Amino acid sequence: MDRASDYGSEGWGFNSLRARHHHMGHPAAIQDLKARLAGARAVAVLTGAGISADSGVPTFRGADGLWRTYRAEDLATPEAFARDPRLVWEWYNWRRELIATKSPNAAHYALVDLERRVERFWLITQNVDGLHPAGGAQKLSEIHGNIWKVRCTQCGHVGTNRAVPIPIPPHCPTCNGLLRPHIVWFGESLDPADLERSLAAVRSCEVLLIVGTSGIVYPAASFASLAKEAGACVAEVNLDPTPNTQSVDIAIQGRAKDIVPELL
Ligand code: BV8
Ligand code: ZN
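Residue 261 in numbering that gives the first Met the number 0 sits at position 262 of the sequence shown, with consecutive numbering throughout.
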């Protein structure tokens, strides 16, 4: 028996290509996704902490994301703020100090190029660091809020505050009430307009590109399956496998700053 019939030459080649589409930063997967993006008239992008990791911002579930032993889930809640607003503000001051020194990277800028190229485009980010708008992104929803915005717990006034560190506890310029970060914490609802805009984009896109998210925080975690059900091609770029990796059409393993610019 010769080698070709041993393996079944055609089947082997096909399966190996499919298998590779599901792993690594393989050129075939990158070319496939690049072609789909080039041909698409509607593209949605979902980003998470991984895209900012390449700018030096620690991720949430990575080892460097811990502040004093607290996990994000312990501090990013209305209960934690009610119990100890100073502690929560100290955590945000630590992050504000870190983020203030960081800049957008090649992946953030590549997504701005994509925004300008695609007829219907929407970027949905879970990141609160503001690096997408800093890089020039305009068609975006920051669905978990923005670390440079504050909201009054008394009168609801929303403002921008870039003080680093912010004096603790910060007070409302109009009513002197206690200010909190204008960020969506666990157990809180997303802004309905942001959510609507994001769901519309996810349900109507031809390609959903998911970059650097662990895919475990809802409702963003449901976007991949919503897009899939609506018939979109779903692609993931991540350094490591995630709960989405097995179900997406194209999975590319690699760093956002290396892979995303290659897609254009
Ligand atoms: C809501 C703001 C309605 C704080 C954040 C049980 C089951 C299902 C759902 C729930 C449940 N219990 C509670 C819920 C709901 C809950 C939820 O989903 N919980 C999870 C944990 C189970 N969700 C909510 O509460 C949401 N609201 O549902 O409203 C409601 C109302 C009341 C009661 C019920 C429901 C609100 C969620 C808002 C959460 N806010 N943070 C702040 O930032 O200050 S979440 C926090 O996680 C961050 O904001 C972050 O954006 C988000 C997601 O994390 P990622 O961005 O994915 O980051 P992560 O570190 O996890 O992963 C990084 C990834 O990057 C990794 O995969 C890594 O491999 C990769 N990577 C690393 N480097 C690179 C890279 N990739 C590429 N290149 C690299 N260089
Ligand atoms: Zn106020």
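C-beta atoms are modelled at their ideal positions from N, C-alpha and C, and glycine is treated no differently.
Values in this document were obtained by computation on a predicted structure and should not be read as measured data.
Sequence-distant residues of its chain with Cβ nearer than 6 Å to residue i (five each side left out)
i: residue 183; result: 143, 144, 189
i: residue 103; result: 130, 133, 134
i: residue 71; result: 59
i: residue 174; result: 153, 154
i: residue 260; result: 105, 109
i: residue 140; result: 123, 193, 196, 197
i: residue 246; result: none
i: residue 136; result: 111, 122
i: residue 35; result: 206, 232
Proximity test, residue i beta-carbon vs the ligand BV8 heavy atom, cut-off 7 Å
i: residue 217; result: yes
i: residue 238; result: yes
i: residue 34; result: no
i: residue 87; result: no
i: residue 82; result: no
i: residue 96; result: no
i: residue 49; result: yes
i: residue 230; result: no
i: residue 126; result: yes
i: residue 188; result: yes
i: residue 72; result: yes
i: residue 44; result: no
i: residue 313; result: The structure shown does not extend to residue 313, since the chain is modelled only from 0 through 263, so no value can be given for it.
i: residue 244; result: no
Where residue i falls, given that 16 or more other Cβ within 10 Å makes a residue buried
i: residue 121; result: buried
i: residue 46; result: buried
i: residue 230; result: exposed
i: residue 12; result: Because the pLDDT of residue 12 is 30, which lies under 50, any placement of that residue in the model is unreliable, and the number read from its coordinates should be weighed accordingly. Residue 12 should be labelled exposed.
i: residue 87; result: buried
i: residue 49; result: buried
i: residue 100; result: exposed
i: residue 206; result: buried
i: residue 68; result: exposed
i: residue 200; result: buried
i: residue 22; result: Because residue 22 sits at a pLDDT of 47, beneath the cut-off of 50, its placement in the model cannot be relied upon, and the following sentence gives the value as read from the coordinates. Looking at its Cβ environment, which holds fewer than 16 other Cβ atoms inside 10 Å, residue 22 is exposed.
i: residue 263; result: exposed
i: residue 51; result: buried
i: residue 179; result: buried
Residue i: CB within 7 Å of a non-hydrogen atom of the ligand NAD
i: residue 197; result: This structure lacks the ligand NAD; the ligands present are the ligand BV8 and the ligand ZN.
Any non-hydrogen atom of the ligand ZN within 7 Å of residue i CB
i: residue 158; result: no
i: residue 153; result: yes
i: residue 173; result: yes
i: residue 211; result: no
i: residue 38; result: no
i: residue 134; result: no
i: residue 176; result: yes
Other residues of its chain near residue i: CB distance less than 8 Å, five sequence neighbours each side excluded
i: residue 96; result: 163, 164
i: residue 92; result: 163, 164, 165, 167
i: residue 177; result: 84, 151, 152, 153, 168, 169, 170, 171
i: residue 63; result: 57
i: residue 125; result: 45, 46, 47, 48, 142, 143, 212, 216, 219
Neighbourhood of residue i by C-beta distance below 7 Å, restricted to the same chain and skipping five residues each side
i: residue 204; result: 41, 42, 43, 226, 231
i: residue 66; result: 90, 93
i: residue 138; result: 114, 120, 121, 122
i: residue 248; result: 232, 233, 234
i: residue 254; result: 53, 238
i: residue 37; result: none
i: residue 159; result: 147, 148
i: residue 181; result: 144, 145, 148, 149, 150, 157
The region 190-201 / the region 145-154 touching (three or more Cβ pairs under 8 Å):
no
Do three or more CB pairs link the region 205-224 to the region 234-242 at distances below 8 Å?
Under the 8 Å Cβ criterion, the region 205-224 counts as touching the region 234-242, having at least three qualifying pairs.
List, from N- to C-terminal side, the beta strand (DSSP E) runs of 3 residues or more that fit wholly inside the region 173-202.
Whole beta strand (DSSP E) segments, 3+ residues: 178-182.
Three-pair Cβ contact test at 8 Å for the region 217-232 versus the region 49-59:
no
Would the region 76-85 and the region 26-34 be scored as touching if the rule is three or more Cβ pairs under 8 Å?
Per the Cβ contact rule, the region 76-85 is not in contact with the region 26-34 (fewer than 3 Cβ pairs under 8 Å).
Which full runs of the beta strand (DSSP E) of 3+ residues lie inside the region 110-174, going along the chain?
Runs of the beta strand (DSSP E) inside the region 110-174: 119-124, 139-141, 144-151, 157-159.
Where in the region 21-106 do unbroken runs of the beta strand (DSSP E), each at least 3 residues long, occur, reported from the N-terminal end onward?
41-46
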